[in-house]
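Engineer: Before I ask anything, let me first share the structure, which is written out below as structure tokens.
In structure tokens form, the structure reads like this:
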């Protein structure tokens, strides 16, 4: 383990935050989501290209994990359970089919390639989650957020996120165990649901009282620190209960949505997120071994083959899911394409598979390739199918987007 | 070096942030500054009492250092150089005498006790800095912020902070070198002033252009990350130039005060500060070995003797400085008492002395005792000499206080 002195640590932070910001802005300049730029920047400064940042340094690894915990806390804080329940049938059908189909197709690809059952399950799971942030951002930039197609996509993407988190918990349990039995799957699903239900029920009684009490005794303070403490505590508790840490952080977000100071907390956590979240994406990018994607080397062709097949499974699965609500009369192609970008959660699966030893470097790179291609392909496709309504319109502020997406 | 897994790291963060918040609120409840509560909480959870948190764990140490860098960046962001120049003669005289007198008295105490020249200089330096945050907060709580006495105190405290930072840079250089010559002192003072002047001159040309450019290319983003990058970069640069890292962070703050988005940046950095700054105070508290303050053990009497003499030197030096602007017709006692709390910068000296090996654990504890007593004694004394103008008045929000203090 490398020892870091303070100036060297500050230098690393400047490099990571600097290239993340720069690459994010460049990506947005060419109409791509910022996260794509951060991933590519991570790849470039990582050990396989420039070697400026090693994601295995303990403090970098810990801060990156804080980044993903804060990201899921933010997603929780932006998720309105009531609105979710209002969006109705179409969103639910799209979400369920949009999880099942890519999983089955991804599993079949792995099975066809002779990979093990556990690897096929984790790889299939990595194909299930839609990135609600990217989709919402693109639809908003096109001025199409209030169209029925967009509403279905957004509702489905939010439901998808919750299903994805449960799958993530199941998969996290599976990657830690040795054997995959139906009993184990049921047990882990039970713990995931149980943790979510117990925490939501107990939490919705205790958390509002707790935060009212904190607000009363701490006249001069802000709620940033109590909110972070809640997120970290539930992440720790989820881990102790055998569930996924990010599940705890997400639940902490859901619990705080309802309290009067929710918006204030959302803004505070967003500021922490600006600092911590890019460290996660840079670390994930840095973990990609770019060399295994080089097609000139014959040894890499297997990675590229798996990656290409997973890309096809990922795109086809979500695209067909758009046609599942057969009664809907709008542009069904838009729904499916809107569900294609995988983003954060797909990367979390990839990272989990790698760090638990279920994936080797090649499969990790193939999954990352799938995440990058799906994230990259969706914005131009959406633009083509669903042209901007008001072409001259300025894109609104990101905070405004989130408000439109999740608040009535 | 202890290895930390993620749940254990989250647990440590929950403990540190939780007790810091709790102790801060409790301190405020008994009309004491929050920082005092955080220090005491750190002492209690540190290795010498409960042993819950070890400040020597690498990631804790690095995050605590990020905390002090962000704190000084915040102080810089709240320092209005123009306002500083307007407050005129009285503030300057109070500041200069209020630095010189405690330094001389502190040096004499150490000399009297037979300590070395270097130790006496560093200990004397630790007695020089006034905590502008604590003083401003107390005066505002008393509804007395606009009185001439308060204006002099606040002006002097801000000048004092800058002189303190230069002394800090000199002392940081001295603690790294072996010999203390006049040439060295002049050279280090030259580097400190040189770094400040060159960075301020070059920076005031480049930074506004840079941030206007960043604001133009990054329509959707916030300036949190660019601001942090600037602070970390100048901290790193200051270290490379042979100056103190916190001097670089403070200069970064001064450079951003003038740009149009200064308030937005101040709010963002305050949110990061809520998370990182308590980690610094908890770490400093945890570094105090409470056992050496136990008077029952005869071996500790020397620590308590040094501590008591330093407390007297610290209080007397600042109190007499209040009488330096002899032409001022207001309550001179209020000025001196307002300058007594040492707070953050005093602790940074103590920490620097300890980590460089200039101070042993006893002297470190004696200095910490001095910081704690001066921080603790000032609020009740000020209340006694300068009773609240509107006793029923609600204390204003902290952000409001800072606005009153540093903005026209």
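Residue numbers (my numbering), protein chains in the order written: chain A, -4 to 403; chain B, -4 to 403. C-beta: ideal position from N, C-alpha, C; glycine also.
(1) How many angstroms separate the CA atom of residue 265(B) from the CA atom of residue 374(B)?
(2) Just the Cα atoms here: how many angstroms apart are residue 212(A) and residue 30(B)?
(3) If I measure Cβ to Cβ from residue 14(B) and keep anything under 6 Å in the same chain, skipping five residues before and after, which residues do I get?
(4) To the nearest whole angstrom, what separates the beta carbons of residue 101(B) and residue 122(B), a pair I think is in contact under 8 Å?
(5) Express the C-alpha separation of residue 42(A) and residue -4(A) in angstroms, rounding to a whole number.
(6) In chain B, which residues lie with their C-beta within 7 Å of the C-beta of residue 212(A)?
(7) I want to verify the contact list: residues of chain A whose CB lies under 7 Å from the CB of residue 6(B), in sequence order.
(8) Taking all protein chains shown into account, do 16 or more other C-beta atoms lie within 10 angstroms of the C-beta of residue 253(A), making it buried, or fewer, making it exposed?
(9) Please identify the residue among 145(A), 234(A) and 208(A) whose C-alpha is closest to the C-alpha of residue 186(A).
(10) Given a threshold of 16 other Cβ atoms within 10 Å of its Cβ, counted over all protein chains shown, does residue 8(B) qualify as buried or as exposed?
(11) State the CB to CB distance for the pair residue 117(A) and residue 170(A), rounded to an integer number of angstroms; the pair is presumed to be in contact (CB under 8 Å).
(12) Roughly how many angstroms lie between the CA atoms of residue 359(B) and residue 349(B), to the nearest whole one?
(13) Name the chain B residues whose beta carbon is nearer than 7 Å to that of residue 266(A)?
(14) Thinking residue 124(A) and residue 159(A) are a contact (beta carbons under 8 Å), I'd like their distance in whole angstroms, please.
(15) Anything in chain B within Cβ reach of residue 9(A), meaning under 7 Å, just list it in chain order.
(16) Provide the residue span of the alpha helix (DSSP H) that contains residue 5(B), from first to last.
(17) Looking at residue 166(B) and residue 347(B), is the spacing between their C-beta atoms short of 8 Å?
(18) How should residue 199(B) be labelled, buried or exposed, when 16 other C-beta atoms within 10 angstroms of its C-beta is the threshold for buried?
(19) Only counting the same chain, and skipping five residues up and downstream in sequence, which positions put a Cβ closer than 6 Å to that of residue 278(A)?
(20) With DSSP collapsed to three states, give me the class of residue 124(B).
(21) Going by other Cβ atoms of all chains shown within 10 Å of its Cβ, with 16 needed for buried, is residue 227(A) buried or exposed?
(22) Taking only beta-carbon atoms, is residue 234(B) less than 8 Å away from chain A?
(23) Once you ignore the five residues that flank residue 6(A) on each side, which residues in its own chain have a CB closer than 8 Å to its CB?
(24) The alpha helix (DSSP H) that contains residue 276(B), what's its start and end?
(25) Applying a beta-carbon distance threshold of less than 8 Å, which residues of chain B neighbour residue 404(A)?
(26) Go ahead and label residue 337(B) buried or exposed: buried means 16 or more other beta carbons lie within 10 angstroms of its beta carbon, across all protein chains shown.
(27) Under DSSP, the alpha helix (DSSP H) around residue 327(B) begins and ends at which residues?
(28) Find the nearest neighbour of residue 324(B) within the set 203(B), 267(B), 3(B) and 142(B), judged by alpha-carbon distance.
(29) So the candidates are 370(B), 65(B) and 287(B); which of them puts its Cα closest to the Cα of residue 225(B)?
(30) If the cut is a Cβ gap below 8 Å, which residues of chain B does residue 270(A) touch?
(31) Name, going along the chain, the residues of the segment 46 to 78 of chain A whose beta-carbon falls closer than 7 Å to a beta-carbon of chain B.
(32) Whole angstroms is fine: what's the gap from residue 342(B)'s alpha carbon to residue 106(B)'s?
(33) If you follow the alpha helix (DSSP H) that residue 368(A) is in, where does it begin and where does it stop?
(34) What three-state label does DSSP hand residue 95(A) in the structure shown?
(35) Mind checking whether residue 245(A) and residue 221(A) have CB atoms under 8 Å apart?
(36) Thinking just about the alpha-carbon of each residue, which of 368(B), 296(B) and 330(B) is nearest to the one in residue 144(B)?
Structural biologist: On the basis of the data shown:
(1) What you label residue 265(B) is simply residue 270 of the second chain in a count that begins at 1. What you label residue 374(B) is simply residue 379 of the second chain in a count that begins at 1. Cα-Cα distance, rounded: 24 Å.
(2) Here residue 212(A) corresponds to residue number 217 of the first chain, with the count starting at 1. Here residue 30(B) corresponds to residue number 35 of the second chain, with the count starting at 1. Those two C-alpha atoms are separated by around 17 Å.
(3) As a position in the second chain, residue 14(B) is number 19, starting the count at 1. Correct list, in chain order: 36 and 40.
(4) Translated into the one-based positions of the second chain, residue 101(B) becomes position 106. Translated into the one-based positions of the second chain, residue 122(B) becomes position 127. At roughly 4 Å, the Cβ-Cβ gap stays under 8 Å, so residue 101(B) and residue 122(B) are in contact.
(5) As a position in the first chain, residue -4(A) is number 1, starting the count at 1. As a position in the first chain, residue 42(A) is number 47, starting the count at 1. Below a pLDDT of 50, predicted positions are generally treated as unreliable, and residue -4(A), at 44, falls in that range; no measurement from the model is reported.
(6) Locating residue 212(A) in the first chain gives position 217, where the first residue counts as 1. Result: 20.
(7) For the purposes of this step, residue 6(B) is taken as residue 11 along the second chain, with counting starting at 1. Result: 231.
(8) Numbered from 1 along the first chain, position 258 holds the residue referred to as residue 253(A). Under this definition residue 253(A) is an exposed residue.
(9) For the purposes of this step, residue 186(A) is taken as residue 191 along the first chain, with counting starting at 1. Of 145(A), 234(A) and 208(A), the residue nearest in Cα terms is 234(A).
(10) Translated into positions along the second chain, residue 8(B) becomes position 13. Within a 10 Å sphere around the beta-carbon of residue 8(B) sit 16 or more other beta-carbons, which makes this residue buried.
(11) As a working note, residue 117(A) is residue 122 in the first chain. As a working note, residue 170(A) is residue 175 in the first chain. Rounded, the Cβ-Cβ distance is 6 Å, consistent with contact.
(12) Counting from one through the second chain, the residue named residue 359(B) turns up at place 364. Counting from one through the second chain, the residue named residue 349(B) turns up at place 354. C-alpha separation (whole angstroms): 6 Å.
(13) The count along the first chain starts at 1 and reaches residue 266(A) at position 271. Those within 7 Å of residue 266(A) in chain B are 219, 263, 266 and 267.
(14) As a first step, residue 124(A) must be located in the first chain, where it is residue number 129. As a first step, residue 159(A) must be located in the first chain, where it is residue number 164. Yes, they are in contact, since the Cβ atoms of residue 124(A) and residue 159(A) sit about 3 Å apart, within 8 Å.
(15) In the first chain, counting from the first residue as 1, residue 9(A) sits at position 14. Neighbours of residue 9(A) on chain B, chain order: 224, 227, 228 and 231.
(16) Taking the first residue of the second chain as 1, we reach residue 5(B) at position 10. First-last of the alpha helix (DSSP H) with residue 5(B): 1 to 24.
(17) Taking the first residue of the second chain as position 1, residue 347(B) is located at position 352. Taking the first residue of the second chain as position 1, residue 166(B) is located at position 171. Yes, the pair counts as a contact, with Cβ atoms nearer than the cut-off.
(18) Here residue 199(B) is taken as the residue at index 204 of the second chain, counted from 1. Burial call: exposed.
(19) The residue labelled residue 278(A) in the question sits at position 283 within the first chain. If you ignore the 5 residues before and after residue 278(A), its C-beta comes within less than 6 Å of the C-beta of 50 and 59, all in its own chain and listed in chain order.
(20) Start at 1 with the first residue of the second chain, and residue 124(B) comes out as number 129. If DSSP states are grouped into helix, strand and coil, residue 124(B) belongs with coil.
(21) Taking the first residue of the first chain as 1, we reach residue 227(A) at position 232. By the 10 Å Cβ count, residue 227(A) comes out buried.
(22) Here residue 234(B) refers to the residue found at position 239 when the second chain is read from its first residue. Under the Cβ distance rule, residue 234(B) counts among the residues neighbouring chain A, one pair being separated by less than 8 Å.
(23) One-based indexing of the first chain puts residue 6(A) at position 11. Nothing listed; no residue qualifies.
(24) Against the second chain, residue 276(B) aligns to sequence position 281. It spans 257 to 282 - the alpha helix (DSSP H) in which residue 276(B) sits, taken as one unbroken run.
(25) Here chain A covers residues -4 to 403 and nothing more, so residue 404(A) does not appear.
(26) Here the question's residue 337(B) lines up with position 342 in the second chain. The C-beta of residue 337(B) has 16 or more other C-beta atoms within 10 Å across all chains shown, which makes the residue buried.
(27) As a working note, residue 327(B) is residue 332 in the second chain. Unbroken alpha helix (DSSP H) run through residue 327(B): 327 to 333.
(28) Reading the second chain from its first residue, position 329 is the one you call residue 324(B). For residue 324(B), the nearest C-alpha among the options comes from 142(B).
(29) Counting from 1 along the second chain, the entry for residue 225(B) is found at position 230. The option with the nearest alpha carbon to residue 225(B) is 65(B).
(30) On the first chain, position 275 is the one that residue 270(A) refers to. Neighbours of residue 270(A) across chain B, judged by C-beta separation under 8 Å: 219, 220, 223 and 267.
(31) Per Cβ criterion, the list reads 53, 54, 57 and 60.
(32) Numbered from its first residue, the second chain carries residue 342(B) at position 347. Numbered from its first residue, the second chain carries residue 106(B) at position 111. Rounded to whole angstroms, residue 342(B) to residue 106(B) spans 21 Å at the Cα level.
(33) Indexing the first chain from 1 puts residue 368(A) at position 373. DSSP places residue 368(A) inside the alpha helix (DSSP H), whose first and last residues are 356 to 380.
(34) If you number the first chain from 1, residue 95(A) lands on position 100. Assignment of residue 95(A) by DSSP, reduced to helix, strand and coil, places it in the helix class.
(35) Taking the first residue of the first chain as 1, we reach residue 245(A) at position 250. Taking the first residue of the first chain as 1, we reach residue 221(A) at position 226. No; because the gap between Cβ atoms is not below 8 Å, this pair is not in contact.
(36) Sequence index remark: in the second chain, residue 144(B) carries index 149 (1-based). The closest CA to that of residue 144(B), considering only 368(B), 296(B) and 330(B), is found on 330(B).
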